[in-house]
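Worksheet: the structure to be examined is printed underneath.
2 protein chains.
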Amino acid sequence: MAEGLRERKKQRTRQALIQAAMRLFEEKGFEETTLAEIAAEADVSTRTFFSYFASKEDVLFYDAGARLEGALARLSARRPGDTVADLLLQLIDDSIGQAIAGAGTFDAAAVRARLVLTVPSLQARALHVLLDSQLMLAKALHEAFRDRLTLSEAGATVGALIGAIMVAVMTDVDENRSVEEIMATVRRAGEIALAGLRALG
Amino acid sequence: MAEGLRERKKQRTRQALIQAAMRLFEEKGFEETTLAEIAAEADVSTRTFFSYFASKEDVLFYDAGARLEGALARLSARRPGDTVADLLLQLIDDSIGQAIAGAGTFDAAAVRARLVLTVPSLQARALHVLLDSQLMLAKALHEAFRDRLTLSEAGATVGALIGAIMVAVMTDVDENRSVEEIMATVRRAGEIALAGLRALG
DNA sequence: ATGAAAAACTGCAACGAGTGTAAAAAATAA
DNA sequence: TTATTTTTTACACTCGTTGCAGTTTTTCAT
């Protein structure tokens, strides 16, 4: 773990950039925050920002990789008795759990959610990140259920579940529904998407 | 229909911009094509481009609005006997039909498909356009089946169907599957996503 | 037709994101 | 310490995008 000073310093710079960016995005909005400001706040040159993140948008999704890793681990830890639907619904529960857990303190997830809902370019980027995740999840699901699901079928399954939840939640958001209502919608969307799976076996 | 010279000229300029852009994207790639080149090819100033399209990416999706209109019309033309699943699968058939119909001549859809699959920013933008469409479709589906589907449920249904197809197709694309295989996957994904709907009634 | 009003187009200046490059600074290994 | 490797920095440049002010084109009432 002791990776040497160089590595530690890089992690510190990365964290500084993330925190500076999140703070500024929260405070003045995404488009109103300039890259120069983020770099200044993190005390590095503007150029250096780009050796840590490929774009201004990427900072916001700094933990996407870790999140995905967790989900993939869940899938590969499938126990013989688990059904496809059970395993996937577990993933959803996990995500909701994480969201609730982070509801105290300074919540990066909340800032991100607000930004993604209001800034078109961020929404687009979020969808792109989500698609990549779904492809990986599909692969993992296929591995976990080699006997029952082709890769395409695993893709359809993951896509149906995530797609159902995402669109249902967005309609709720458009209608200014409360958090409780949205949570209920997530459940219901999961049912709708996976009911077929149970029916088809 | 005769909207006057002004309107006709605007349509011509719009078409010129679209064709110039598509030709250049096809020829040299999206990122390699500069806005100045597109404008020059269409014989307008760079500045004028932006009174027709909000961004370079938007040109590629010039027909998204019309496509969506068509789908929405289909939904509102629901006849009393139609089930939700039938109506939605009809939409899918329509889209496939259009894709095949356009397979001759200079195919804008094919160019767009290739670009969307290879240029990350375009993929993100496409997903964003698709999400918006899904939200509208959900609203229309809700209107068409007021008695049976809440708005959230309509969202979940549309999201499940489109999500299933999209992710399944993308896994196929990643695996270099043939067009025939992909078409089969679309069918199968539709089944998986909507089987639950039939089961739930 | 003619001139005023509205709409569209243009050139120009400016800003910010992102990239290539070469030099400076910092960390590592010897 | 010195030599080597990695990281950071400054600088210059391209490109997408926007605001603005002035010019051209179309419309429309007379």
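Protein sequence lines, in the order shown, are assigned to chains A and B.
All residue numbers for the first sequence refer to the working numbering, where the first residue is 1217 and numbers rise by one.
All residue numbers for the second sequence refer to the working numbering, where the first residue is 1217 and numbers rise by one.
We put the CB at the ideal spot given by N, CA and C, even for glycine.
Just so you know, these numbers come straight off a predicted model, no measurement behind them.
- request: Using a Cβ cut-off of 8 Å (strictly closer), state whether leucine 1307 (chain B) contacts chain A.
  value: Answer no: the Cβ-Cβ gap between leucine 1307 (chain B) and chain A never drops below 8 Å.
- request: To the nearest angstrom, report how far apart threonine 1334 (chain B) and alanine 1293 (chain A) are at their CA atoms.
  value: Each residue's alpha carbon lies about 33 Å from the other.
field: Three-state class that DSSP yields for phenylalanine 1322 (chain B) in the structure shown
entry: In the three-state scheme derived from DSSP, where H, G and I count as helix and E and B as strand, phenylalanine 1322 (chain B) is classed as coil.
query: serine 1349 (chain A) lies in the alpha helix (DSSP H); which residues open and close that run?
result: Per DSSP, the unbroken alpha helix (DSSP H) holding serine 1349 (chain A) starts and ends at 1336–1360.
query: Is the CB of leucine 1284 (chain B) under 8 Å away from at least one CB in chain A?
result: Output row for leucine 1284 (chain B): interface = no.
query: Counting pairs of beta carbons, one from the stretch 1348–1366 of chain A and one from the stretch 1374–1382 of chain A, are three or more of them closer than 8 Å?
result: Cβ pair count under 8 Å is three or more, so yes.
- request: Could you name the residues of the same chain whose beta carbon sits closer than 8 Å to that of leucine 1365 (chain B), not counting the 5 residues immediately before and after it, in chain order?
  value: Answer for leucine 1365 (chain B): Val1300, Leu1357, His1358, Thr1373, listed in chain order.
- request: Could you list which residues in chain A have their beta carbon closer than 8 Å to that of isoleucine 1312 (chain B), in chain order?
  value: Correct list: empty, because the minimum Cβ distance to chain A is about 16 Å.
field: Coil, strand or helix - glutamate 1219 (chain B) by DSSP
entry: In the structure shown, glutamate 1219 (chain B) sits in coil (DSSP, three-state: anything other than H, G, I, E or B).
query: Looking at chain A, which residues of the stretch 1368–1384 of chain B have a Cβ within less than 8 Å of any of its Cβ atoms?
result: Correct list: Ser1368, Glu1369, Ala1370, Gly1371, Ala1372, Thr1373, Val1374, Gly1375, Ala1376, Leu1377, Ile1378, Gly1379, Ala1380, Ile1381, Met1382, Val1383, Ala1384.
field: Own chain residues within Cβ distance below 7 Å of valine 1275 (chain B), not counting five before or after
entry: Contacts found: Leu1233, Ile1234, Ala1237, Phe1269.
Unbroken stretches of the alpha helix (DSSP H), 4 residues or longer, contained in the stretch 1219–1284 of chain B: You should have 1220–1244, 1251–1258, 1262–1265.
field: Coarse secondary structure for aspartate 1298 (chain A), derived from DSSP in three states
entry: Aspartate 1298 (chain A) sits in coil when the DSSP states are folded into three classes, being neither helix nor strand.
- request: Measuring only between beta-carbons, confirm whether glutamine 1350 (chain A) sits less than 8 Å from chain B.
  value: Cβ-Cβ to chain B under 8 Å: yes for glutamine 1350 (chain A).
query: Are there 16 or more other CB atoms within 10 angstroms of the CB of lysine 1226 (chain A), so buried, or fewer, so exposed?
result: Exposed, because fewer than 16 other Cβ atoms sit within 10 Å of the Cβ of lysine 1226 (chain A).
task: Select from A:Arg1404, A:Glu1285, A:Glu1396, A:Val1395 the residue whose C-alpha is nearest the C-alpha of alanine 1384 (chain A).
output: It is A:Arg1404 whose Cα lies nearest to the Cα of alanine 1384 (chain A).
message: Assess contact between the stretch 1278–1293 of chain B and the stretch 1305–1313 of chain B, defined as three or more Cβ pairs (one per stretch) separated by less than 8 Å. Is contact present?
response: When Cβ pairs closer than 8 Å are counted between the two stretches, the stretch 1278–1293 of chain B is seen to touch the stretch 1305–1313 of chain B, the count reaching three or more.
Beta-carbon proximity check, glutamate 1273 (chain B) vs leucine 1338 (chain B), cutoff 8 Å: Their beta carbons are under 8 Å apart, which means glutamate 1273 (chain B) touches leucine 1338 (chain B) by this criterion.
query: leucine 1347 (chain B) versus chain A: which residues are under 9 Å apart at the beta carbon?
result: Using a Cβ-Cβ cut-off of 9 Å, leucine 1347 (chain B) is close to Gln1339, Ala1340, Leu1343, Met1382, Val1383, Met1386 of chain A, given in chain order.
message: Less than 8 Å between C-beta atoms, sequence neighbours within five positions excluded: which residues of the same chain meet that for methionine 1217 (chain A)?
response: Unreliable placement is indicated for methionine 1217 (chain A), whose pLDDT of 41 sits below 50; the coordinate value is still reported in the next sentence. The beta carbon of methionine 1217 (chain A) sits closer than 8 Å to none of the beta carbons in its chain outside the five residues before and after it.
Contacts of leucine 1288 (chain A) in chain B (Cβ-Cβ under 9 Å): Close to leucine 1288 (chain A), with beta-carbon spacing below 9 Å, lies no residue of chain B; the smallest spacing is near 15 Å.
message: I'd like to know whether the C-beta of arginine 1224 (chain B) is nearer than 8 Å to at least one C-beta of chain A.
response: Judged by the 8 Å Cβ criterion, arginine 1224 (chain B) is not in contact with chain A.
- request: Using only alpha-carbon positions, find the residue among B:Val1332, B:Arg1230, B:Leu1413 that is nearest to alanine 1258 (chain B).
  value: When only C-alpha atoms are compared, the closest one is B:Arg1230.
CB of threonine 1250 (chain B) within 8 Å of CB of phenylalanine 1241 (chain B), strictly: Going by C-beta atoms, threonine 1250 (chain B) is not nearer than 8 Å to phenylalanine 1241 (chain B).
- request: Taking C-beta pairs closer than 8 Å, name the residues in chain A that aspartate 1390 (chain B) reaches, listed in chain order.
  value: Near aspartate 1390 (chain B) (Cβ distances below 8 Å), the residues of chain A are Leu1351.
Check whether leucine 1331 (chain A) and phenylalanine 1246 (chain A) have beta carbons under 8 Å apart: Yes, these two residues count as a Cβ contact at 8 Å.
C-beta neighbour in chain A for leucine 1413 (chain B), strict 8 Å: Any Cβ of chain A closer than 8 Å to the Cβ of leucine 1413 (chain B) would place that residue at the interface, and such an atom is present.
message: Are the CB atoms of glycine 1379 (chain B) and glycine 1379 (chain A) within a distance shorter than 8 Å?
response: A contact, by the Cβ cut-off of 8 Å.
message: Between leucine 1410 (chain A) and chain B, is any beta-carbon pair separated by less than 8 Å?
response: At least one CB atom of chain B sits nearer than 8 Å to the CB of leucine 1410 (chain A).
task: Using a cut-off of 7 Å between C-beta atoms, extract the partners of threonine 1401 (chain B) located in chain A.
output: Close partners of threonine 1401 (chain B) in chain A (Cβ separation under 7 Å): Ser1368.
message: Between proline 1296 (chain A) and chain B, is the shortest Cβ-Cβ distance under 8 Å, so that the two count as touching?
response: The beta-carbon of proline 1296 (chain A) is placed no less than 8 Å from the nearest beta-carbon of chain B.
field: Contact belief for aspartate 1388 (chain B) with glutamate 1397 (chain B) at Cβ below 8 Å, rounded distance in angstroms
entry: Going by Cβ atoms, the distance from aspartate 1388 (chain B) to glutamate 1397 (chain B) rounds to 6 Å, so yes, they are a contact pair.
- request: Please work out which residues of its chain come closer than 8 Å, Cβ to Cβ, to phenylalanine 1312 (chain B), disregarding the five sequence neighbours upstream and downstream, and give them in chain order.
  value: Residue identity differs from the one stated: residue 1312 (chain B) is isoleucine in this sequence, not phenylalanine. Short of 8 Å from the beta carbon of isoleucine 1312 (chain B), and not among the five residues preceding or following it, lie these beta carbons of its own chain, in chain order: Met1399, Val1402.
query: Looking only at its own chain, which residues have a Cβ that is under 8 Å from the Cβ of methionine 1382 (chain A), when we skip the five neighbours before and after it?
result: Only Leu1346 meet the Cβ criterion.
task: Specify, as a first and last residue, the run of the alpha helix (DSSP H) that leucine 1377 (chain B) falls within.
output: Note, leucine 1377 (chain B): alpha helix (DSSP H), 1367–1390.
field: Within 8 Å of chain B by C-beta, residues of the stretch 1322–1335 of chain A in sequence order
entry: Per Cβ criterion, the list is empty.
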